[in-house]
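Trainee: For any residue, its number in our numbering is found by taking its place in the sequence shown, counting from 1, and adding 398.
Where a beta carbon is used, it is the ideal one built from N, C-alpha and C, also for glycine.
Once you've had a glance at the structure underneath, I'll fire off some questions.
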Amino acid sequence: MARKTSLREFQEYLAGRLTSAARGKRGASLLGIRAGNEDWLLDLADSGEIVQMPKLTPVPLTRRAFTGIANIRGNLYSVTDFSLFRGGDPTPQNANTRLLLVGVKHGSNAALLVARMLGLKNAEDFTAEEPDPSAPAWGTQKYRDNNGNVWRKLSVRDLLGDEDFMNVGA
399 MARKTSLREF QEYLAGRLTS AARGKRGASL LGIRAGNEDW LLDLADSGEI
449 VQMPKLTPVP LTRRAFTGIA NIRGNLYSVT DFSLFRGGDP TPQNANTRLL
499 LVGVKHGSNA ALLVARMLGL KNAEDFTAEE PDPSAPAWGT QKYRDNNGNV
549 WRKLSVRDLL GDEDFMNVGA
């Protein structure tokens with residue numbers, strides 16, 4: 399049976415990995431997530447905190463991808479369903495669903511609703527593919543893993559600067 403890890407232990411582990419990545423040590427430097435039917439990579443330094451799906455408060459007159467507002471330890475976060483934002487199906491809300499608090503480092507309380515976390519990934523296990531010129535600036539980079547699966551790389555800074563992402567009004 400797998401050992402259960404508390405959220406605090408996982409966050410301490412993740413913080414340690416962030417510190418190692420910032421110091422340039424080898425090892426896992428990417429976080430893998432699943433949004434809809436796509437696998438995404440984020441730089442570990444930009445990934446932010448991962449939390450279980452809390453109760454969301456819907457906001458009227460907003461886009462469908464804007465799922466609502468979440469209260470995380472007394473702070474309000476705007477939650478965007480990343481799959482819906484990308485034009486995919488709504489993210490099912492189940493035991494695997496997570497919120498990725500991506501904006502805190504960049505001065506924004508933004509969170510992405512994702513279908514599941516795919517864990518820490520080693521950058522050396524991926525080969526760069528030709529960038530996708532039709533994709534927005536925050537999602538042009540593509541990689542292929544050792545199993546031949548294609549992963550997109552999310553630039554959190556570019557996403558938070560994207561006018562379409564920040565405009566939640568219907």
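1. What are the start and end residues of the beta strand (DSSP E) that includes SER516?
2. Please classify VAL548 as buried or exposed, where buried requires at least 16 neighbouring CB atoms within 10 angstroms.
3. With 16 as the cutoff for other CB atoms within 10 Å, does ARG496 come out buried or exposed?
4. Taking buried to mean at least 16 other C-beta atoms within 10 Å of its own C-beta, is ASP572 buried or exposed?
5. Select from ASP487, GLU407 and MET564 the residue whose C-alpha is nearest the C-alpha of ASN435.
6. Do LEU499 and VAL449 have their C-beta atoms closer together than 8 angstroms?
7. Identify the residues that DSSP records as bridge partners of GLN339: which are they?
8. Around the Cβ of LEU429, are there at least 16 other Cβ atoms within 10 angstroms (buried) or fewer (exposed)?
9. Taking just the CA atoms, how far does THR538 sit from SER532?
10. Which residue or residues does DSSP assign as beta-bridge partners of ASP523?
11. Kindly indicate which three-state DSSP category GLU528 falls into: helix, strand or coil?
12. Take the Cβ of LEU511 as the centre, count every other Cβ of all protein chains shown within 10 Å, and call the residue buried at 16 or more, exposed below.
13. Looking at the secondary structure, which residues open and close the beta strand (DSSP E) in which LEU439 lies?
14. Would you kindly work out how many angstroms separate the C-alpha atoms of LEU516 and GLY567, rounded to a whole number?
Mentor: Taking the geometry as given:
1. The displayed chain sequence assigns Leu, not Ser, to residue 516. Where LEU516 is concerned, the enclosing beta strand (DSSP E) stretches over 514-520.
2. exposed
3. buried
4. No information on residue 572 is available, as it lies outside the stretch 399 to 568 that the chain covers here.
5. ASP487
6. yes
7. In the structure as shown, the chain starts at 399 and stops at 568, and residue 339 therefore has no counterpart that could be examined.
8. buried
9. 8 angstroms
10. Bridge partners of ASP523: none, in fact.
11. coil
12. buried
13. 436-441
14. 31 angstroms
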